[in-house]
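Have a look at the structure below before the remarks.
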Amino acid sequence: MKINVVELIRIDMPLVSPFRTSFGVETGRDVLVVRLETDDAQGWGECVALADPLYSSEYTDAAQRVVAEQLVPRLFAAGEVTTARFGEVVASVRGHRMAKSAVETALLDAELRASGVSLSRYLGAISTEVVSGVSVGIQDTIPELLDVVGAYLDAGYPRIKLKIEPGWDVTPVAAVREHFGDDVLLQVDANSAYRRSDARHLAGLDAFDLLLLEQPLDEEDVVGHAGLARMVRTPICLDESIVSARAAYEAIRIGACAVVNIKPGRVGGYLEARRVHDACAAAGVPVWAGGMLETGIGRAANLALAGLSNFTLPSDISGSDRYYAQDLTEPFVLIDGRIPIPTGPGIGVIPLPEVLAELCTCRTTLTP
Ligand code: OSB
Ligand code: MG
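Residues are numbered in the working numbering as their position in the sequence shown, beginning at 1, plus a constant of 1111.
Here it is, written out as structure tokens:
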């Protein structure tokens, strides 16, 4: 394929309610969307970097510069490119996986649209729908938390994930268990907020039959997670630490995690995400689809991946209305606690033109 034009579109999406984690509060989503055109098709990709480098080192402004000044020039210089070769073409750029993923996804989307194949079929999905969980931010009080969780359960979410941090962990988990009972599928996510010395305290979560404890320690402390895994009974899941299939393989090998959260942006794209899936499957480690508060563009692609066979735990892919009053695409809606995987060519959706025009804050066009 030869790329004729790449467009970088910045969008300001207000969130329906503030989302608080151990690393900060998100009130809106400053999203970079990549659109590219070939002779045969257009392709779309969403960059999952947040506005500030708090979840990981990437952030939207930096991602946009890397895409515009490093990745796209290499793509143009390569002439004819395929998604399979994209990794090689940008290999000399270190890191910046979220930026790479956005461009790779747009390329893959264009390629698949041109050949009429859906992303889910291309990736090898075996399901037609994905079990939808919801990630519940840190609240100011326990009664507020119970209200929020109750509303999501009423909306049909079969699995609840609670964000935790020191000072907001055992007590809120105990309150949710006590109030909603033992049948609710429940897990927690610390976003690296704890230290190795908190192991004994985190073992206090063992009493609540959690599906998993996500990323308690620093991104770079994989060995620490292996030590922690020997001191708590709750299965340890890694998110931030898993930046590649190799990282997944090694974390599993040293006993740092029993479960893996897969986010294509975090590992550099859908091709590497599938390799993470395969490495985990080979090791007998279940995976699930994480989320980064994506618009419908990112959500559609995540759903396709989450249809693969080793995605056996409920996802963080919620309905559009959990995040946005008006999604960028046709909204994703829960049916019986699940979301159908798009079936059209490529990622299967495109932005609604009037919504894109209204929320767009900046548009840059790059040509060879
Ligand atoms: O750690 O999984 C995370 C959102 C932004 C950044 C990191 C994370 C999250 C979530 C919400 O937990 C996932 C979602 O609903 O998209
Ligand atoms: Mg997480």
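Glycine included, every Cβ here is placed at the ideal spot set by N, Cα and C.
In this text, all values refer to a predicted model and were calculated from it rather than measured experimentally.
Query: Whether or not the stretch 1154-1172 and the stretch 1405-1413 are in contact is what I'm after, with contact meaning three or more pairs of Cβ atoms, one per stretch, closer than 8 Å; do they touch?; Result: yes
Query: Does the Cβ of Ser1429 lie closer than 7 Å to at least one heavy atom of the ligand OSB?; Result: yes
Query: Please report the straight-line C-alpha distance between Val1136 and Asp1150, rounded to a whole angstrom.; Result: 42 Å
Query: For the 8 Å Cβ check, are there 3 or more pairs between the stretch 1245-1264 and the stretch 1122-1137?; Result: yes
Query: In the DSSP assignment, find the alpha helix (DSSP H) that holds Met1209 and state where it starts and stops.; Result: 1208-1226
Query: Three or more C-beta pairs closer than 8 Å, one from the stretch 1454-1465 and one from the stretch 1325-1333: is that the case here?; Result: no
Query: Go through the stretch 1127-1179 residue by residue and report every complete run of the beta strand (DSSP E) that reaches 3 residues or more, in order.; Result: 1135-1149, 1153-1158
Query: Check each candidate in Val1295, Arg1357, Asp1320, Ala1362 and name the one with the smallest Cα separation from Gln1326.; Result: Ala1362
Query: Determine which residues share a DSSP beta bridge with Cys1348 and list them.; Result: Glu1325, Val1370
Query: For Ser1308, count the other beta carbons within 10 Å of its own beta carbon; 16 or more makes it buried, fewer makes it exposed. Which is it?; Result: exposed
Query: Hey, how far is the Cα of Ala1284 from the Cα of Pro1375?; Result: Reading off the sequence shown, one finds Val at residue 1284, where the question assumed Ala. One C-alpha to the other measures close to 29 Å.
Query: Return helix, strand or coil for Pro1464, following the three-state DSSP convention.; Result: helix
Query: Taking Arg1205 as part of the alpha helix (DSSP H), name the residues at either end of that continuous run.; Result: It is not in any alpha helix (DSSP H) - Arg1205 carries neither H nor E in the DSSP assignment.
Query: May I ask you to check if the CB of Gly1401 is nearer than 7 Å to at least one heavy atom of the ligand OSB?; Result: yes
Query: Could you give the first and the last residue of the continuous alpha helix (DSSP H) run that contains Thr1194?; Result: 1194-1200
Query: Mapping the DSSP letters down to three states, classify Val1354 as helix, strand or coil.; Result: coil
Query: Residues in its own chain within less than 6 Å of His1207 by CB, not counting five upstream and five downstream?; Result: Val1177
Query: Less than 6 Å between C-beta atoms, sequence neighbours within five positions excluded: which residues of the same chain meet that for Asn1115?; Result: Glu1148
Query: Just the C-alpha distance for Gly1430 and Ser1231, rounded to the nearest angstrom, thanks.; Result: 19 Å
Query: Out of Thr1476, Gly1198, Ile1275, point me to the one whose CA is closest to Leu1328's CA.; Result: Ile1275
Query: I need the DSSP call for Val1299, collapsed to helix, strand or coil.; Result: strand
Query: What residues are listed by DSSP as bridge partners for Val1247?; Result: Leu1273
Query: Nearest CA to the CA of Val1228: which residue from His1312, Pro1453, Pro1479, Cys1473?; Result: Pro1453
Query: Tell me where the beta strand (DSSP E) around Thr1252 begins and ends.; Result: Neither: Thr1252 is in no beta strand (DSSP E) and is coded neither H nor E.
Query: Quick one, which of Phe1291, Ala1225, Gly1235, Glu1240 has its alpha-carbon nearest Pro1254's?; Result: Phe1291
Query: Tell me whether Tyr1435, by its Cβ, gets closer than 7 Å to a heavy atom of the ligand OSB.; Result: no
Query: Report whether the distance from the Cβ of Leu1404 to the nearest heavy atom of the ligand OSB is below 7 Å.; Result: yes
Query: Taking C-alpha atoms, which residue in Ile1450, Leu1126, Met1124, Arg1385 lies nearest to Val1354?; Result: Arg1385
Query: At the level of alpha carbons, what is the spacing between Gly1235 and Val1371?; Result: 19 Å
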